[in-house]
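Enquirer: I'd like to ask you about the structure that follows.
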Amino acid sequence: MIARAEDAEKRNRKLHVDLTTAQAHVAALESREVIVVEALKQAKDEHVQKLMEAYLRREEGLGTTRRSQSLGRNASLPKAMNKQEHPESSQDPPPELFEPLTMKNIPAPSLEVKEEAASTPPAPPPSEELQEPAPLEEEFDPVLPS
Numbered sequence: 001m002i003a004r005a006e007d008a009e010k011r012n013r014k015l016h017v018d019l020t021t022a023q024a025h026v027a028a029l030e031s032r033e034v035i036v037v038e039a040l041k042q043a044k045d046e047h048v049q050k051l052m053e054a055y056l057r058r059e060e061g062l063g064t065t066r067r068s069q070s071l072g073r074n075a076s077l078p079k080a081m082n083k084q085e086h087p088e089s090s091q092d093p094p095p096e097l098f099e100p101l102t103m104k105n106i107p108a109p110s111l112e113v114k115e116e117a118a119s120t121p122p123a124p125p126p127s128e129e130l131q132e133p134a135p136l137e138e139e140f141d142p143v144l145p146s
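Under full-length UniProt numbering, the first residue of the sequence shown carries the number 1, and numbering increases by one thereafter.
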């Protein structure tokens, strides 16, 4: 009877150690998950920033082209001329200069790119990649005191 109690106590301690080890493993995985989520957020923010910079550069280039075209149309008019002096000769600036900034001018991906993306299998979630199989200890066979 005493031997059974001692064996049960040893198993209890071993199980407690195993539980503590498993909890530490879970904490490490959760920490890694937080790091990966933060890295993904940062990558997304950088990507959005690059898209906005590219869009603004494109719009800036288009604006320069539009201004040069509008200057070409108005080049025959003297600078001192205004609507009050000669309303019939004065021209309004082109309306496209006053269009609000939108993402409508960014081209959509081609059909080939969409098909390629559809055929590529999705990446597994980060939490699945980081999980390492925990080594299994010997099977637990509980011995209940009688």
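For each residue, glycine too, the CB sits at the ideal point set by N, CA and C.
#1: Distance check for LYS41 and LYS14, CA to CA, integer angstroms please.
#2: Measure the C-alpha to C-alpha separation of GLU33 and HIS47 and round it to an integer number of angstroms.
#3: What separation, rounded to the nearest whole angstrom, lies between the Cα atoms of GLU6 and LYS44?
#4: So, with DSSP's three-state summary, where would you put MET52?
#5: What is the DSSP secondary structure of GLU129, counted as helix, strand or coil?
#6: Measuring straight from C-alpha to C-alpha, what distance separates VAL17 and GLN23?
Expert: Let's see:
#1: Taking the first residue of the sequence shown as 1, we reach residue 14 at position 14. Taking the first residue of the sequence shown as 1, we reach residue 41 at position 41. Their Cα atoms are separated by approximately 41 Å.
#2: Position 33 of the sequence shown, counted from the start, is the residue given in the question as residue 33. Position 47 of the sequence shown, counted from the start, is the residue given in the question as residue 47. Answer to the nearest angstrom: the Cα atoms are 21 Å apart.
#3: Taking the first residue of the sequence shown as position 1, residue 6 is located at position 6. Taking the first residue of the sequence shown as position 1, residue 44 is located at position 44. Their backbone Cα atoms lie some 57 Å apart in a straight line.
#4: As a working note, residue 52 is residue 52 in the sequence shown. Residue state, collapsed to three classes: helix.
#5: Position 129 of the sequence shown, counting from 1, holds the residue named residue 129. Model confidence at GLU129 stands at a pLDDT of 49, short of 50, so the residue's coordinates are unreliable; what they give is reported in the following sentence. In the structure shown, GLU129 sits in a helix (DSSP, three-state: H, G or I).
#6: In the sequence shown, residue 17 corresponds to position 17, counting from 1. In the sequence shown, residue 23 corresponds to position 23, counting from 1. The alpha-carbon atoms of VAL17 and GLN23 are separated by roughly 10 Å.
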